[in-house]
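In this note's numbering, the protein residues as written are 2 to 534. The structure appears below as structure tokens.
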């Protein structure tokens with residue numbers, strides 16, 4: 002007995018221990034197993050209407066029930082009262098403890114409380130039970146974590162569920178659209194808009210007010226467009242949201258652009274370029290001077306390609322500065338400037354200032370006017386590598402577009418290295434992918450072999466019955482050589498320039514898409530949709 006008392010008196014737990022050292026010491030002292038990773042053991046589904054803060058404050062999470070024994074992961078084994086309370090609530094007579102890091106427990110809590118697709122419908126149904134707006138429009142205060150939606154006011158719950166559902170489904174945009182008798186909520190997923198659910202029309206003003214407050218916009222101003230930003234946390238995700246409000250016939254429409262900070266940027270090799278295109282492009286981005294343009298419509302992944310290129314060539318020996326509208330992702334060791342029209346910080350003005358900061362590489366978010374492109378050309382001619390984007394349908398069209406903007410053809414020919422045109426195609430859902438054979442006339446029109454195996458998505462729960470999940474890029478890379486430079490100087494049209502590029506081995510967007518169809522990555526219909534063939 003004396004030995005036991007001495008052991009407890011000389012506790013191996015010290016204040017200078019790390020969390021893992023402390024847990025391992027408790028494990029040895031108390032005989033409680035230590036598990037660094039518990040997510041694979043999380044079989045529990047019911048929260049028993051207990052708020053998420055309770056589990057986070059107590060640092061515990063129920064994992065599973067087996068033979069009447071509740072297994073609970075805890076961070077503090079001495080705080081046993083909440084474990085006993087939880088066991089009684091669940092209806093278990095005994096418990097088994099597992100020691101785990103607090104970060105792992107928090108992740109498990111977030112997964113347990115992650116809202117199912119039924120939650121959105123349930124909240125909408127709850128709204129319908131309120132007969133007067135006064136019952137719904139309670140205080141609009143900020144909350145720490147949007148996953149804690151259980152006990153908030155109904156309007157706040159609706160907004161939170163919309164945001165969490167959009168993130169769960171990996172939506173890039175949320176559209177909240179008022180009509181005469183209802184509000185439509187739509188998500189843009191993999192470039193396509195899907196209607197998710199409808200809300201009662203009478204709650205429109207309150208939902209808009211909630212979002213305006215979150216984005217620090219003027220809730221009293223309803224006659225002019227407003228733009229703002231907000232940052233939210235959903236579980237362990239930090240998300241930046243661009244907010245745009247526009248007055249419409251039946252009230253203000255709001256669009257939210259979601260930028261998930263926890264999603265890592267794609268590497269250049271993950272963009273979907275074929276090996277030969279990738280090798281050529283990597284050679285171009287390692288040049289010391291010149292302009293590289295990426296073209297395509299809004300939402301075609303142009304900025305993602307530029308970020309991937311900059312990450313590829315980023316090093317401590319290079320000074321890289323960008324000017325963007327907006328800054329979509331923070332790049333390590335890169336100076337990034339946000340365009341601000343209110344202070345007259347335009348692309349052109351910011352670009353002039355950048356040149357006084359001794360840059361090696363410059364990224365201009367978008368070429369919108371003659372002044373910006375002229376400064377970019379001068380920068381490239383004085384020993385800087387410049388990246389930018391332009392809105393044109395194909396690579397050759399970018400050259401004629403610059404001429405139309407008023408740039409001298411000889412300046413374009415002497416400064417431009419290459420133009421990349423790109424689109425994003427939806428990829429076939431791996432969970433319901435199946436082989437099929439298109440009709441013979443389609444194969445004949447496209448010059449494809451009848452023996453070729455094609456794939457499509459049958460449609461399943463994982464892909465919302467669309468047959469697609471995720472996206473990949475298709476690319477057209479036009480490198481300026483002497484022949485094409487001469488065509489630009491002589492003001493040739495885009496068709497002539499494109500044909501010259503194709504003679505030298507350039508594959509068009511459609512041809513690059515066909516290769517991905519034959520590889521089973523996407524479908525023929527999808528390639529035809531985005532390439533407008």
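Just so it is clear, CB atoms sit at the ideal spot from N, CA and C, and this is done for glycine as well. All figures in this text were calculated on a predicted structure; none of them were measured in a lab.
Near residue i, which residues of its chain fall below 6 Å by C-beta distance, leaving aside the five closest residues on each side in sequence?
i           : result
residue 466 : 460
residue 117 : Residue placement at residue 117 cannot be trusted, given a pLDDT of 42 that sits under 50; what the coordinates show is reported in the next sentence. Within the same chain, residue 117 has no close Cβ partners at all.
residue 373 : 348, 349
residue 258 : 174, 243
residue 36  : 99, 101
Which of helix, strand or coil does DSSP assign to residue i?
i           : result
residue 406 : helix
residue 207 : helix
residue 195 : strand
residue 117 : Summary for residue 117: the model assigns pLDDT 42, below 50, so the residue's position carries little reliability; its value from the coordinates is reported in the next sentence. In this structure, residue 117 counts as coil in the three-state DSSP scheme.
residue 328 : coil
residue 502 : helix
residue 89  : helix
residue 214 : helix
residue 111 : helix
residue 336 : strand
residue 269 : helix
residue 323 : strand
By the DSSP assignment, the beta strand (DSSP E) with residue i in it spans what residues?
i           : result
residue 258 : 252-261
residue 507 : Run containing residue 507: none; DSSP gives neither H nor E here.
residue 296 : 291-296
residue 229 : 227-235
residue 248 : 238-249
residue 183 : 183-190
residue 101 : That residue, residue 101, is in no beta strand (DSSP E); it is neither H nor E in DSSP.
residue 571 : Any question about residue 571 goes unanswered here, given that the chain covers just 2 to 534.
Please find out if some non-hydrogen atom of the ligand GDP comes closer than 7 Å to the beta-carbon of residue i.
i           : result
residue 340 : Ligands displayed in this structure: none; no statement on the ligand GDP is therefore possible.
On a Cα-Cα basis, can you pick out the residue from the options that is closest to residue i?
i           : options            : result
residue 39  : 84, 23, 107, 31    : 107
residue 332 : 475, 341, 321      : 321
residue 521 : 47, 469, 317       : 469
residue 546 : 247, 336, 109, 203 : Nothing in the structure corresponds to residue 546, since the chain is present only between 2 and 534.
residue 74  : 81, 56, 94, 98     : 98
residue 183 : 206, 41, 413       : 206
residue 281 : 94, 514, 418       : 418
residue 471 : 198, 271, 507      : 271
residue 313 : 194, 288, 268, 285 : 268
residue 414 : 33, 354, 479       : 479
residue 452 : 15, 439, 462, 27   : 439
residue 105 : 61, 251, 94        : 61
residue 228 : 254, 514, 235      : 254
residue 399 : 384, 420, 435, 385 : 420
residue 361 : 371, 288, 274      : 288
residue 482 : 504, 455, 84, 524  : 504
residue 296 : 53, 424, 442       : 424
Spatial neighbours of residue i within its chain, please: CB distance less than 8 Å, with the 5 preceding and 5 following residues excluded, ordered by chain position.
i           : result
residue 366 : 304, 323, 324, 325, 326, 340, 348, 389, 390
residue 330 : 260, 262, 266, 308
residue 533 : 394
residue 364 : 307, 311, 321, 322, 323, 324, 325, 387, 388, 389
So, at 7 Å on beta carbons, what are the nonlocal neighbours of residue i in its own chain, with the 5 sequence-adjacent residues on each side left out?
i           : result
residue 499 : 395, 397
residue 5   : In this prediction, residue 5 has a pLDDT of 46, which is less than 50 and means its spatial position is unreliable; nothing more can be read from the coordinates.
residue 65  : 42, 44, 45, 72
residue 416 : 291, 292, 378, 381, 382
residue 402 : 391, 393
residue 185 : 178, 196, 199
residue 220 : 210, 213, 214
residue 251 : 179, 180, 181
Can you tell me where the alpha helix (DSSP H) with residue i in it begins and where it stops?
i           : result
residue 155 : 155-169
residue 351 : 348-356
residue 276 : 276-286
residue 528 : 525-532
residue 311 : 303-314
Just list the beta strand (DSSP E) runs in the region 14-83, keeping only unbroken ones of 3 residues or longer that don't cross its boundaries, in chain order.
61-67, 70-75
Give the list of continuous alpha helix (DSSP H) stretches no shorter than 4 residues that lie fully inside the region 441-492.
441-447, 483-490
Mind listing, in chain order, the continuous beta strand (DSSP E) runs of no fewer than 3 residues lying wholly within the region 355-441?
362-365, 386-391, 417-429, 434-437
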